[in-house]
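Written below as structure tokens is the structure these notes are about.
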Amino acid sequence: MPYRIPPAKILSQTISEVIKDKGTVISQRKFTELVNANLRKKDAEYAATGERIRRMAIFKGIARLHIHYRDTKEPSDHEKCPVCRSETKEIRNQTLLGENIKLGFKCTKCPYWTGPNRRIPIRYTFIAPQKGLIEPAPKRRRKDDEQYAQWKFA
Ligand SMILES: [Zn+2]
1446 MPYRIPPAKI LSQTISEVIK DKGTVISQRK FTELVNANLR KKDAEYAATG ERIRRMAIFK
1506 GIARLHIHYR DTKEPSDHEK CPVCRSETKE IRNQTLLGEN IKLGFKCTKC PYWTGPNRRI
1566 PIRYTFIAPQ KGLIEPAPKR RRKDDEQYAQ WKFA
């Protein structure tokens, strides 16, 4: 089947529409399906891969990402972020004696981090960047209460 890669602006708008509509989507596969269904309404040949959608959501800040991990016994290494391919930086902590302890690595762009043992992302939850999460929603506005109610199950 022929397909076309949607322009960045259309893809980011579509991601934003889907996440605002759904609030929370608990897998990248599901999120990719929803975004592609919405894209096809704009152009029947538009298609985007899960990775492109994930990276766009991160870089444009249009959806928050919760990363589910699998632990491994391999040591972590200073390499590109497996979630969004950005640079990672070392996390270090200083002990009371002034020693630097290497704790792992974290991504400079997204929530990915790993300890001294490599953690592998296995699943993603996409969450709408809704207002009212950081501060409890005001009681007087019913719409805000509904948004807040969604969060209890996120
Ligand atoms: Zn990253």
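Take any residue in the sequence shown, note its place counting from 1, add 1445, and you have its number in the working numbering.
Glycine included, every Cβ here is placed at the ideal spot set by N, Cα and C.
Check, Outcome
"Straight-line CA distance for LYS1465 to THR1540?", "44 angstroms"
"Assuming ILE1572 and HIS1511 are in contact, meaning their beta carbons sit under 8 angstroms apart, how far apart are those beta carbons, in whole angstroms?", "6 angstroms"
"Would you decide whether LEU1542 is buried or exposed? Buried here means 16 or more other CB atoms lie within 10 Å of its CB.", "exposed"
"Could you pull out every unbroken alpha helix (DSSP H) segment of at least 4 residues lying fully inside the stretch 1490-1523, listed in chain order?", "1495-1505"
"Just to confirm my understanding: we take LYS1547, look at its own chain, exclude 5 residues before and 5 after, and list those with CB closer than 8 angstroms. What are they?", "GLU1535, ILE1536, ARG1537, PRO1561"
"Cβ of TYR1569 versus every heavy atom of ligand 1: is any distance shorter than 6 angstroms?", "no"
"With DSSP as the reference, label ILE1471 as helix, strand or coil.", "coil"
"Under three-state DSSP, which class holds THR1533?", "strand"
"Compute the Euclidean distance between the alpha carbons of ARG1474 and THR1553, then round it to the nearest angstrom.", "25 angstroms"
"Could you check if SER1521 belongs to the surroundings of ligand 1, using beta carbon to heavy atom distance under 6 angstroms?", "no"
"What's the gap between the Cα of LYS1518 and the Cα of ILE1565?", "11 angstroms"
"Among the residues of its own chain, which have a CB less than 7 angstroms from the CB of ARG1485, if the five just before and after it don't count?", "TYR1491"
"Please confirm whether any heavy atom of ligand 1 lies closer than 6 angstroms to the CB of LYS1551.", "no"
"At a threshold of 6 angstroms, does TYR1514 count as lining ligand 1 (C-beta to nearest heavy atom)?", "no"
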